[in-house]
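Asks: Let me begin by handing over the structure; questions about it come next.
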Amino acid sequence: MNLRKFLLGLRIIIITRLVVSCHNLSKTCGFKSTLTDSKTYEFLNSTYKINKIRVDIINFIKFNDIDFRCINFEPNLIENLSLRPLYSITLDDNLKINHFSNLKIASKLLTSDVKFYFHSLNGIQVNSNFVFEPLLKIYKYRNIYIQFHDSLILTKGDCLSNNNKFGLFKNISTIYMAHTARYYSKTNPCLFQNSLIFKLIFYGLANNFIKTNIITFLGSLNSNLNSNISQLELNFFKGVLTKNLLDSHVFKELEVLTIDGILDQISSDALKNLTKIYLIILKMDEILKFFESGTSWMQPINSDIKINLENLDDNLLNFSARVVKLQFQSFEIFTDQVFCLFKNFPHSRLILPVFKKQQISNCSCTVLWLVGYNLYILDRKEYPIYEFCTYNKTYLKVLVKKCDFEKRLNLCSLPSREIRLVESQIGLLYLFELLDFIILCTYPIVFTLAISSNSINIIVLKKITTEIKKKTPKNSNLTIVFLMLMNSISNLTYVIIRLMHLMNKCVSQNSRFCSPISHTIFIQYFDVIVVNTLGNIIKFLSNFMLFLISLNRMFLLIGKKVLGDKTLAIISLILFITILLISSLEKIINPGINFVQENVYDLNAYVEYPDRNNFFINSGLAPKNLHLKTSRKVVSIIMYILYVLNYVLNDIVFLICFFMVEIFIIFKLKQNIKLKSKQTFIGDKKNTLKFIVKCNKTIKVILISSSIILMFKLFDFSVSTFISVKKLSNVPNNLCFKQSKICTILEEIDDYLFLISTSYSTILFFNLNMNFKKAIQRMICF
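Heads up: the sequence shown is residues -21 to -1, 1 to 761, going by mature numbering (1 follows the signal peptide of the UniProt record, and there is no 0).
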């Protein structure tokens, strides 16, 4: 008995040791390293060319599973460190970087930077020790950069007041909250307790119809956070900036505020108690539209002073340190027509608008009104940087008199015409994404109708085929029934493919609809091969079958032999192979699989998954995965030719041929009606009138059906023409190049309309084919 207990205990010890050793093995070996581009450094009159290292740590379960001693590189060579856990975890002080490498620190270290990429975090523990401090003290890194991707910026734990021992972000150069980060309201301000951050950047901020992703902080705390953040950059995709975001305890030491993207307005108390700000940078698009909401948001700035603008020289000595510069970095033109937007600008609070010299081509009265006091207030050292309209105070007075500001201010109080402001590309992107979301909401209805319609068609047409074969195997109606059946099968296949496309569908990151697997490599390949390539081929076959149906109707009408099965098969095979080659090349090569999962910003350079609209004939750019240099221009031209061939074959040729056949059918039908009415109903006006009314009804049905089909095809043609022209345009002003998703959404709308047209096929066949009509009526009566 004792021997059994001893053996059982020994077995438990052995198994435990094995588990621990396996755990330690996984703890040591879960690293992947890659060389980045070499960088050149100068040190003590010598030049060093060093290959930096990127280390990827993946599939760990907890941060204390990571042992940095398994990294076999000198610490100063490690530039990028990516941490991607197997499951979502919380960032806390279990991340130990006291031993960043198992190699000794070089005696003469070149100071370098390190960037951390955190993925899949489900929160951040507020009471965490100074995790990154050893990198500065022990390994002498110059700067630490931190990026958060695909993470929830959710604070966990209670704030320990007046505690200097805790603080996650001490001595950090820049923190990037990427556009894939998910923010929460009522964030605990202790997230930045005892922080020392040079720059904090929030991407993906939005509060609009399609998505809400705004970070706001809990109400004011009595304790001193000891938060020191020098610069803050906010990247908005529509929304309102409030004091709940610009918390006065978190951003007490804030000096520079940058706002980018599109912002609807800033609340009047947003900047309250932020007394150390000396520079506000407005990099926004649609900045004139932003100023339509007024300038009341500037009232908290220098609210305790009011300078006499008529006697500047005597007032400035005591207040020169209180100057706040409002730097415009927008290239919108400030014409005289927008003067009234700035009529209440608070110059007397020492808020000075400044423009970089290259921004202003014409010094309008609006610009002069904004910068007119800068010559008296700003230091002469800043003259070469900013636009002053003139450096001569005497001539400045001449310009001011010429503009007659008093008269212009009086005119602002009168009712005037609405100012038409230009929509920016980011503004257009929002409108297109909004339209995309609205269309997405109707998908269940369209998919249900399309699947039901084409399923009914297939059931009815198979039944008709069986009946015709039993009666007359070589009946001429069999060919047109076969074409209708093939059209319905093609439509149903296309609908199923588009339904699977929803796996890759993302209206906008963190929006009301964004597939969680849309960025994965497999889904990107699936979308390129199945949805783009195969879907385009199926779409062409559906169009081609519809054209052959019209062609057969025409032959039946003129009394000639209908296209035989062999002829039809040969033509179909040739066109199928042609479209397969053209569509496969363009649809497979043009989209590039996006392997980059660490994009921080999605507005100025929107990156899709996969990257679409890669080739622009005037840019010489090719997809990243081809790595072409000298032949990029040639490849772009070849891809453009393939796109145009696909466009010509699928849009122009089909549209022209279908349109001509339908016109000929209507024309020939009218001729036949006149001829038959004269020959059959001679002297019988009553029956002649009935016959003409019946035939005219048939013509109307054909006209309506053809018009609906042509309407869809014309939109398809318009979209393809627009994209073809854009691919030829110069890159700087190219909508599809700078905001490629706009052109992608246009193509999505085109496919959506094709889905609607497939839902209409049952009604089309019911009105244009007697056998189909009778079969449907029998089913309903039964």
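All C-beta atoms, glycine included, are put in the ideal place defined by N, C-alpha and C.
1. For V460 and I755, what's the separation of their Cα atoms in angstroms?
2. Do V640 and L530 count as a contact pair if the criterion is CB distance below 8 Å?
3. With a CB to CB cut of under 7 Å and the five nearest residues on each side skipped, what residues in its chain are close to L349?
4. Whole angstroms is fine: what's the gap from Y630's alpha carbon to Y409's?
5. Can you grab the Cα-Cα spacing for the pair V425 / F637, in whole Å?
6. In its own chain, which residues sit with a C-beta less than 8 Å from the C-beta of L407, not counting the 5 before and 5 after it?
7. Mapping the DSSP letters down to three states, classify H228 as helix, strand or coil.
8. Is it true that the CB of R328 sits closer than 8 Å to the CB of N281?
9. Expressed to the nearest angstrom, what Euclidean distance is found between the alpha-carbon atoms of Q306 and I259?
10. Got a sec? Which residues, its chain only, sit under 7 Å from T499 by beta carbon, not counting five neighbours each side?
11. What is the DSSP secondary structure of Q306, counted as helix, strand or coil?
12. Could you tell me the distance, in whole angstroms, from the CA atom of Q210 to the CA atom of V509?
13. Considering only DSSP beta bridges, list what L175 is partnered with.
14. What number of angstroms, rounded off, separates the C-alpha of S469 from the C-alpha of F745?
15. Does the Cβ-Cβ distance between F215 and I241 come in under 8 Å?
16. So, for S61: in the same chain, excluding its five sequence neighbours on each side, which residues have a beta-carbon less than 6 Å away from its beta-carbon?
17. Look at the alpha carbon of F127 and the alpha carbon of P279, and state the distance between them as a whole number of angstroms.
18. According to DSSP, is I103 part of a helix, a strand, or is it coil?
19. Around the C-beta of T445, are 16 or more other C-beta atoms found within 10 angstroms, so that it is buried, or is it exposed?
20. Do T345 and F318 have their CB atoms nearer than 8 Å?
21. Which same chain residues, not among the five before or five after I476, have their C-beta less than 7 Å away from its C-beta?
22. Using DSSP with H/G/I as helix, E/B as strand and the rest coil, what is R491?
23. Among residues of its own chain, excluding the 5 on either side of S738, which ones have a beta-carbon nearer than 7 Å to its beta-carbon?
24. Among residues of its own chain, excluding the 5 on either side of N173, which ones have a beta-carbon nearer than 7 Å to its beta-carbon?
25. What's the gap between the Cα of S684 and the Cα of S740?
26. Express the C-alpha separation of K251 and L354 in angstroms, rounding to a whole number.
27. Name the DSSP bridge partner or partners of P332?
28. Would you grab the beta carbon distance between F39 and I45 for me? Rounded to a whole angstrom, and I think it's under 8 Å.
29. Considering only residues of the same chain and omitting the five flanking positions on each side of F334, which have a CB-CB separation below 6 Å?
30. Less than 7 Å between C-beta atoms, sequence neighbours within five positions excluded: which residues of the same chain meet that for L225?
31. So, with DSSP's three-state summary, where would you put Q278?
32. Regarding T69 and the ligand NAP, is the C-beta to nearest heavy atom distance less than 7 Å?
33. Using CA atoms only, rank isn't needed, just tell me which of K304, I681, L184, I256 is closest to Y162.
34. Which residues in the same chain as I189 place their Cβ atom closer than 7 Å to its Cβ, once the five residues preceding and following it in sequence are excluded?
35. Tell me whether K753 sits in a helix, a strand or coil according to DSSP, three-state version.
36. Around the C-beta of M758, are 16 or more other C-beta atoms found within 10 angstroms, so that it is buried, or is it exposed?
Replies: According to the structure data:
1. For V460 and I755, the distance between alpha carbons rounds to 14 Å.
2. Going by C-beta atoms, L530 is nearer than 8 Å to V640.
3. The beta carbon of L349 sits closer than 7 Å to those of F321, F324, P332, all from its chain and outside the five residues before and after it, given in chain order.
4. Reading the sequence as shown, one finds Asp at residue 630 and not Tyr. Between D630 and Y409, the C-alpha separation is close to 28 Å.
5. 25 Å
6. Non-local beta-carbon contacts of L407 in its own chain, meaning distances under 8 Å to residues more than five positions away in sequence, involve L714, Q718, I721 in chain order.
7. coil
8. For N281 and R328, yes; Cβs fall inside 8 Å.
9. 6 Å
10. none
11. Residue state for Q306 is assigned as strand, using DSSP reduced to three classes.
12. Going by the C-alpha atoms only, they are around 47 Å apart.
13. N207
14. Roughly 18 Å between the two C-alpha positions.
15. yes
16. D35, Y96
17. Their Cα atoms are separated by approximately 32 Å.
18. strand
19. Residue environment: T445 is assigned as exposed (fewer than 16 neighbouring CB atoms within 10 Å of its CB, all protein chains considered).
20. yes
21. V509, V510, L513, G514, I517
22. coil
23. V425, L428, A429, S432
24. N143, F145, G146, K149, N205
25. 10 Å
26. 28 Å
27. L305
28. 6 Å
29. F307, E366
30. Non-local C-beta neighbours of L225 in its own chain, meaning closer than 7 Å and more than five positions away in sequence, comprise A249, L250, L253, ordered along the chain.
31. coil
32. In the structure on display, the ligand NAP does not appear, and there are no ligands present to speak of.
33. Of the candidates K304, I681, L184, I256, L184 places its Cα closest to the Cα of Y162.
34. Excluding sequence neighbours, I189 sits near E412, L413, F416, V486, S487, S490, R491.
35. helix
36. exposed
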